[in-house]
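Chains as they are written, first to last, in the numbering used here: chain A, 240 to 1198; chain B, 511 to 741.
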């Protein structure tokens, strides 16, 4: 652009301006594609000749890089190869890299072909460094190993330092990797790594560190033999300021401790590990765009895992590489030989020695790295690990959790670009764990609404429909551990300026914790965490009026779940009030907010309200069995104790409960004391932990005689349900669900609700029909079975099915129905047995079994089948175990008492077994007596104690 | 501004483009008066220089995804919309003003496409006109941009890392001056205006930056002809 100005024009300028002007002119000429000669310009402007000579070549170089399409311009020593250096005649260039140029040369005195490496001049600028270089070369020359390129000597000529080595006919592994169309297999890489590691060990034994292990220094000759080269060179160059370029060039192989000037044999192990990683993984363990970032990653990052890049890579190989590249030298192989041995074992197909890092170790390492950035987060991860430890999960589940956490770590490091993404990742990790232990939508329907949205914002991968892959195995410890994670959400939110998104997730986490607490029977804990959630939701709704719909839905879900919680505890009026609050919230929402989730929730609430909740309903169930007792006062139902027969509470699977089933009449209890809520206080905290009964789901508390707190006293009997109202709710639920089902035929929650609706309708139909034989029930069972088949991992569907199948009172069955009924019961028992075995900690499942057993035994007893005794005894055993496990909880003692009472009754009816019957009755009486004698003890204890007392006396009176 | 540095290289430029400068003044007046035709014509004339800037400043990760022409289209629309701002920003040359808009547009684009990955955003004090892709990285990328054969690509990765690091160690202004002078091909005068420094100072710093760059480059084997082997 600028034309060359006449020299005279320049004369007026001072040196600075002149220089500037000449530089612009020179630059402009370069940009035309010409190659102006710096010397000419220098000659034209003698005043600044020196500066021009200094600067113009640089300018030319810069401009050429922009315009030149000839790559040699950039990195070539164009045409400057020396012809001869000392005794060596240069034949041709065979390679070049950060360390200089390698030539093939002939050593004329010996007539042998050698490789000659000419080092960059600046790298050996002072005498001291030259001396070190020569010293290192001497050490290297002493190394003799089949996998080390022999060094013949060093030389200096024509101002160039060089290094003479055996000529290897082959190429660097780096070039081979680059040119090969496919990545090497783990076996190929392991072989190369093993040989290189052996070479390193030899050098280490000789007291030499390589310090620059990288694919470029691993040569593979034409016979596939592996050669390690350039021993010790790096060290001389490292301290050289001008050589930063070199060090930087191989930065990604640099062991982290070297950044602090520490190097030992394990540093070489690390570099070799990185080389293996890169060869097989096709990318380095740390990817960074700048050295600064790379150094940060090397120092603090967690490397990628090979199998995340390519799952086909053998796990053992990954383990070896992971161990070799551990950030802490102490975590690596202690020596190159140890690494070589493990690689050899891998090649031989033998078990390797390296230990896989467990979740805990990985998490701990990760925490250490992140101490500064996210302490809270790190602590959270530790807590997660503890959680994994306290949860009795099977091996494969642990593995899965491991993978999830590992994945979260990988993601974390991949995206650790900003604090924001760090906390994002933390949230994901938390969410993963919550999802694992409290899968959305598994047992409380409502759980899905808010949490799904929250998660999808983060990561579309998880959704409510994803429950199939989740595993629920909750224990009271799980709940407590999860609860301890809550502060991390809140801290993360605070770190991000009270980020509403994180707080919303915190609310969602609270919700899930509440669900878990409820599932393990800790109802008060559930209520308390939900109360916090409600407050948080209200706060958020106020702050974000634009998201009002979302929060309204969340609040409605919360109310509905609270309703379930109340119902499980048989606080019927409270439950009803909660459902009605939920209904009101949902009905208030704008049409625009009628999302799928909202309508599903609405259906759930209608369904809950369609279920008969009041005990009065039972009255039309008719007498309970041949020995029918009088309402409310009969002896506790020994034989079909209403309790057992009445599915409700116990069975109520979370959410699924048969809520529909009206709780049986308070009968066996003989008019227990105060209303259920008042009774509550007597229950030790554990009392609530009555997993057996109702899962927080909608399962209404059982009516059966077994649940002490189940029924309200006669005087507190709530009003009867209005059948018309119930029917209206059921119809509303049906019409919503049918539409939802059409909209998303695969939505599991919709199908689950639909299954319950059918069951509800089956039960509501005609009391004279065995409802398990109705078309509606068949439809319900079909839906449930399909869910079970689809999600074999999710026990809640199976649990619901077992409840559905045993959801009838055997005593009310006409005799001809017993065969078919017993089939249902046995299937229910089989399911329950499987669940009990798989999830021994989930009291919800375990507690279901005695009820099924009791129903089976009762039916058999009525048939005078002697099998009944064995079944009762089994039930006694299960109950006794529960009593033992939860000694403070009245409910289990109560169940056990009832079971023994039934057994005693059966024995009393059999000829010649009076004394056994008496013994059993006395044990039962002894069990309940302490509760009955307790001041303000559990009200149901009194009548039961009374009955047993009479029964014992009656037996004693018998001849 | 100009007046305070009587002896700068301006005399040369002025001489060289005296008529152009006069024409520019006239155009400037028309543009400020709202003459859209003059605006468009001038924009078209400056377009190649703006394209160069986009090429240089665009994050390598976005190459292939974002076309310079698209960027300029956005810039044009934005510039038209903000003509009043130009009047308010006087004295400022039209080119420097457009460059500013290009810079802001690029920042937006980077944010949009790279989001959280824009890790350089906070670090680099966008001397280059609000552009956040690191100048060091851009410089390094372009200096090594032509190494494209597979074997060279490997070398490039290493060189690029070392060069970027070396550039990062330079003074920010110096580095920016190099980028502006050589990659955006701005004149010293324009550089001074962009960076808000005296022209003389800009030129002195440029020479100094060149000297440093030379040192940096000579540590990169083979970069500078004959430098490495000393022949």
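All C-beta atoms in this analysis are idealised placements derived from N, C-alpha and C, irrespective of residue type, glycine included.
All values derive from a computational prediction rather than experimental measurement.
Query                                                                                                                       : Result
Candidates 416/A, 459/A, 578/A and 511/A, of which the one nearest residue 451/A by Cα                                      : 511/A
Under the three-state DSSP convention, the category residue 572/A falls into                                                : coil
Residue 969/A to residue 1016/A span [Cα, whole Å]                                                                          : 15 Å
Nonlocal neighbours in the same chain, by C-beta distance under 6 Å from residue 1117/A, ignoring five residues either side : 1088 and 1089
Any chain A beta carbon closer than 9 Å to residue 717/B                                                                    : yes
Distance CB(residue 1163/A)-CB(residue 1143/A) smaller than 9 Å                                                             : yes
First and last residue of the uninterrupted beta strand (DSSP E) at residue 352/A                                           : 351-357
Whether residue 754/A touches residue 798/A by CB criterion (9 Å)                                                           : no
Environment of residue 425/A [buried if 16+ CB atoms lie within 10 Å]                                                       : buried
Members of the segment 449-474 of chain A near chain B, C-beta cut-off 7 Å                                                  : none
Chain-ordered neighbours of residue 699/B on chain A, where CB pairs are closer than 9 Å                                    : Result: empty, since nearest Cβ-Cβ is about 10 Å, beyond 9 Å.
Start-to-end residues for the beta strand (DSSP E) that takes in residue 400/A                                              : 399-405
Straight-line gap, residue 276/A to residue 693/B (C-alpha atoms, nearest Å)                                                : 21 Å
Cβ separation of residue 432/A and residue 515/A, assumed to be a contact under 8 Å, to the nearest whole Å                 : 5 Å
For residue 395/A, the residue or residues it bridges with in DSSP                                                          : 400/A
Cβ-Cβ distance between residue 1140/A and residue 1186/A below 9 Å                                                          : yes
Beta strand (DSSP E) runs contained entirely in the segment 414-476 of chain A, provided each spans 3 or more residues      : 457-460 and 465-467
Residue 981/A classed as buried or exposed, judged by whether at least 16 other C-beta atoms fall within 10 angstroms       : exposed
Which listed residue (621/B, 539/B, 707/B and 563/B) has its alpha carbon closest to that of residue 597/B                  : 539/B
Nearest-angstrom beta carbon gap, residue 617/B and residue 585/B [assumed within contact, 8 Å]                             : Not confirmed; about 12 Å, so no contact.
Residue from 590/B, 567/B, 563/B and 595/B whose Cα sits closest to the Cα of residue 550/B                                 : 590/B
Three-state secondary structure (DSSP) of residue 522/A                                                                     : coil
Within chain A, partners of residue 714/B - CB distance below 8 Å                                                           : 255
CB contact flag (residue 795/A, residue 825/A, <9 Å)                                                                        : yes
Cutoff 9 Å: residue 723/B Cβ touching any chain A Cβ                                                                        : yes
Assigned secondary structure, residue 776/A (DSSP; H/G/I helix, E/B strand, else coil)                                      : helix
Under the three-state DSSP convention, the category residue 1100/A falls into                                               : helix
Touch test, the segment 390-405 of chain A against the segment 434-448 of chain A, Cβ-Cβ under 8 Å, three pairs minimum     : no
Whole-angstrom distance between residue 601/B and residue 699/B, CA atom to CA atom                                         : 14 Å
Separation of residue 1195/A from residue 1207/A, as counted between CA atoms                                               : With chain A represented from 240 up to 1198, any question about residue 1207/A goes unanswered, as that position is not in the structure.
Partners in chain A for residue 727/B, counting only beta-carbon separations shorter than 7 Å                               : 297 and 300
C-beta neighbour in chain B for residue 266/A, strict 9 Å                                                                   : yes
Distance between beta carbons of residue 1040/A and residue 1085/A, contact taken as under 8 Å                              : Rounded, the Cβ-Cβ distance is 17 Å, inconsistent with contact.
Where the segment 604-620 of chain B meets chain A: residues whose CB sits under 8 Å from a CB there                        : none
Under 8 Å (Cβ pairs) to chain A, residues found in the segment 551-563 of chain B                                           : none
Reduced DSSP category for residue 346/A - H, G, I as helix; E, B as strand; rest coil                                       : strand
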